[in-house]
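Protein chains in written order, with our numbering: chain A, 596 to 709; chain B, 2 to 364.
Here is the structure we will look at, set down as structure tokens.
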Amino acid sequence: MNEQSKITHVPAQLGEEIGGPGKAFFDNVVIDNILDALLELSAATWTFHDRVNVLEKVLEKHGINVSEEIEQHLPDDAEIAARAEERAAMVQRVFGSFVRRPVAGVSVPSGEKS
Amino acid sequence: MSRGQIGVLPRPTTLADESYLEFITSFRRLAIQEMFPKVAEHGEVALAKALDKGEVERPDGGQPIKLSEIRKVFGQNPVTPTFQRFVRTQQEMMWRRTRESFYRDIDAVMEYMADAEAKHPERIHIDPNFVVPDYTRREIHCQPGGYTDDPMGGIVFHYGTKVFYEGFNDQDELHIELAEKAAKPADGKVERILDIGCSIGQATTVLKGLYPEAEVWGLDVGKPLIRYAHARAVEQGKHVHFKQALAEETGFEDGSFDMVISYILFHEVPVPKMKEIIAETYRVLRPGGVFTIYEFPSNDKNQVSASTRFLVDYDSKNNCEPYSPAFVASDFRGIIEDAGFVVEQGPGLTNGFLQSLVARKPE
């Protein structure tokens, strides 16, 4: 294979379709934002639910019942910081749409408005 | 990093990615299978009433209702923009997370493709001087980098379309069906098969399994897709050739194929290119050869429902399908006949949205 095949970057002019300020489908863009948030939140909820399920099954395989210990667990400073960072990332995913699109009254790219 | 495969499907690189993307798959299924039919039903009823009341102009004999009128009537239902918002958002979520997931494993994915090329360089045909035309460099379906410009585009397309197909094609079920149903020449001679616009070769490899004695070629403009297709075929032990080329300029000899297939290719090219591709296919088929086409519906005789036109229009604008409206409006079958083919109705697929045609080159 030639050298060209080893290139691993996407040219700057592409990769923009799903970037930018985003499309709006409602006259009130806040509705778009709330629905985006709802989807991200639902996806996150399911993802966490899935992980806890898997975690419990793995531990059970090792004969460990963790329910009580989880309730008694107290995090140290490093864990608190790490969890705060993860939490902020989740907030960004769920509520990012509210900062992505301009506020009402400012022109936004039209999605499919009839 | 790799978590292996689910049958023939690559598994996302973390459990969190997999859970998130499976959620989107389930959500998309609800939006497309349950939500859209309600939008469609409501819109069709509202449109019929608007026509009766004279609020929408009834077109003269056999002419389609104006798309702007369909948009207006369907848009009066508040569920319509909700559906549109949801489908657009899930598509964005899907591409972001799919790319993020597989990019974590980029070195292994690139090595997977390079290894296959080292083992079987004779089965992958990439001209280093090939120039990708601008018209193909579009982020079709909103895929970042499109088919042509993301080196990881093959694996990203593979998992991304798993979500798109709502989980119904995880093991290439749809590609198996369309390859099995592809028409054979009347004389039964099948020595060479070509899959144009083959993307990651899902149907191409199935065709090789169905016709093990035939020489099978997959052709696509997207090098990232071709490289991934080749690696998959090598992994599956399928002796298939893949070539980066334009379907309108394949570089093959006149009359050198017995069968050609295309799956949802034509709505992704401009109509003039569609005509060139059909002429090129006619050229490379031998007399008696057969071309099986699975494609978006055409509305040349006003045979497509208002709700389907509404969906295609939405899809064009919001799922980056720049060429599909012109395709749908075209007399696709007539264009194929004009090229010299004898066209008949093709085999039905489980995906009832698509039309299929069988075009035979006269003896």
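The beta carbon of each residue, even a glycine, is placed where N, CA and C say it ideally should be.
All values derive from a computational prediction rather than experimental measurement.
Practice item. Return yes when the Cβ of Q356/B is within less than 8 angstroms of the Cβ of E269/B, no when it is not. Key: Going by C-beta atoms, E269/B is not nearer than 8 angstroms to Q356/B.
Check your understanding: Are the C-beta atoms of E612/A and some chain B residue less than 8 angstroms apart?
Key -> Answer yes: the Cβ-Cβ gap between E612/A and chain B drops below 8 angstroms somewhere.
Review point. Given that V686/A touches chain B, what residues does it touch there, using C-beta distances under 7 angstroms?
Key: Going along chain B, no residue has its Cβ under 7 angstroms from V686/A, so there is no contact; the nearest lies around 16 angstroms.
Point to revise | Separation of H142/B from N300/B, as counted between CA atoms | key: Approximately 22 angstroms between the Cα atoms of the pair.
Check your understanding: Would R310/B be called buried (16 or more neighbouring beta carbons within 10 Å of its own) or exposed?
Key -> Buried, by the Cβ-count rule.
Exercise for review: Under 7 angstroms between beta-carbons, which chain B residues line up against K652/A? List them in chain order, please.
Suggested key: Within chain B, no residue comes near K652/A; the closest Cβ sits about 12 angstroms away, beyond 7 angstroms.
Review point. Closest by CA to G238/B, which one among R228/B, K362/B, L220/B, K209/B?
Key: Comparing Cα positions, the closest option is K209/B.
Review point. Is any beta-carbon of chain A found at less than 8 angstroms from that of S20/B?
Key: It does; some Cβ of chain A falls within 8 angstroms.
Review point. What whole-angstrom Cβ distance do A307/B and L48/B have, given they're in contact under 8 angstroms?
Key: Indeed, because the Cβ distance is near 5 angstroms, the residues count as touching under 8 angstroms.
Check your understanding: Taking C-beta to C-beta, are P326/B and V313/B nearer than 8 angstroms?
Key -> Yes, the pair counts as a contact, with Cβ atoms nearer than the cut-off.
Exercise for review: Identify whether P326/B lies in helix, strand or coil by the three-state DSSP scheme.
Suggested key: Collapsing the DSSP output to three states places P326/B in a helix.
Exercise for review: Using beta-carbon positions only, say whether M260/B and I194/B come within less than 8 angstroms of one another.
Suggested key: For M260/B and I194/B, yes; Cβs fall inside 8 angstroms.
Point to revise | chain D contacts from the stretch 90 to 109 of chain B (Cβ-Cβ distance under 8 angstroms) | key: Included in the structure are the protein chains A and B, with no chain D among them.
Check your understanding: Does the separation of the CB atoms of L211/B and E181/B fall below 8 angstroms?
Key -> Result yes, Cβ atoms of L211/B and E181/B sit closer than 8 angstroms.
Review point. Apart from the five residues on each side of it in sequence, which residues of its chain come closer than 7 angstroms, Cβ to Cβ, to E19/B?
Key: Once the five neighbours on either side are set aside, the close Cβ partners of E19/B are R12, P13.
Point to revise | Any beta strand (DSSP E) of 3 or more consecutive residues that is wholly inside the stretch 117 to 163 of chain B | key: Counting only runs of 3 or more, we get nothing.
Exercise for review: With DSSP as the reference, label V649/A as helix, strand or coil.
Suggested key: The answer is helix: DSSP assigns V649/A an H, G or I state.
Review point. Does L630/A have its Cβ less than 8 angstroms from a Cβ in chain B?
Key: Yes, because at least one Cβ of chain B sits closer than 8 angstroms to the Cβ of L630/A.
Point to revise | Rounded C-alpha distance that separates K618/A from V88/B | key: If I take the Cα positions, the gap works out to 12 angstroms.
Exercise for review: Look up M260/B in the DSSP assignment and give the residues it is bridged to.
Suggested key: Per DSSP, I194/B, V291/B.
Exercise for review: Please list, in chain order, all residues of the same chain as I125/B whose beta carbon is under 6 angstroms from its beta carbon, the five residues on each side excluded.
Suggested key: Here I125/B has E118, H231, F243 as same chain residues with Cβ atoms under 6 angstroms from its own Cβ, once five neighbours each way along the sequence are excluded.
Review point. If the cut is a Cβ gap below 8 angstroms, which residues of chain A does L195/B touch?
Key: Contact annotation for L195/B against chain A: no contact, minimum CB-CB distance about 23 angstroms [criterion: below 8 angstroms].
Check your understanding: Cβ of P288/B within 8 angstroms of Cβ of G252/B?
Key -> Not a contact, by the Cβ cut-off of 8 angstroms.
Check your understanding: Looking at the structure shown, is P186/B part of a helix, part of a strand, or coil, going by DSSP?
Key -> DSSP places P186/B in the coil class of the three-state scheme, outside both helix and strand.
Practice item. Label K362/B either buried or exposed according to how many other C-beta atoms from any shown protein chain fall within 10 Å of its C-beta, with 16 as the threshold for buried. Key: Classification for K362/B: buried.
**Study point:** Endpoints, alpha helix (DSSP H) assigned at R228/B
**Key:** DSSP places R228/B inside the alpha helix (DSSP H), whose first and last residues are 224 to 236.
Point to revise | Own chain, CB closer than 8 angstroms to G1/B, minus 5 neighbours either side, in chain order | key: In the structure as shown, chain B begins at 2 and stops at 364. Residue 1/B is therefore absent and cannot be evaluated.
Point to revise | Bridge-paired residues (DSSP) for Q346/B | key: According to DSSP, Q346/B bridges with L358/B.
Practice item. Round the Cβ separation of I66/B and V57/B to the nearest angstrom and send it over; I've been treating them as touching at under 8 angstroms. Key: Between V57/B and I66/B the Cβ distance is about 7 angstroms, and since that is below 8 angstroms, they are a contact.
Check your understanding: At what residues does the alpha helix (DSSP H) containing L383/B begin and finish?
Key -> Lying outside 2 to 364, the shown extent of chain B, residue 383/B is not represented and no answer is given.
Check your understanding: Can you find a CB in chain B that lies within less than 8 angstroms of the CB of R678/A?
Key -> So, not an interface residue.
Exercise for review: Would you please verify whether the beta carbon of T26/B is less than 8 angstroms from any beta carbon of chain A?
Suggested key: Chain A, which has no Cβ nearer than 8 angstroms to the Cβ of T26/B, makes this no.
Check your understanding: In three-state terms, what does DSSP make of D367/B?
Key -> Beyond the ends of chain B as shown, which are 2 and 364, falls residue 367/B; an answer cannot be given.
Practice item. Figure out for me which residue from R97/B, R138/B, Q77/B has the closest Cα to the Cα of C321/B. Key: When R97/B, R138/B, Q77/B are compared, the shortest CA-CA separation from C321/B is found for R138/B.
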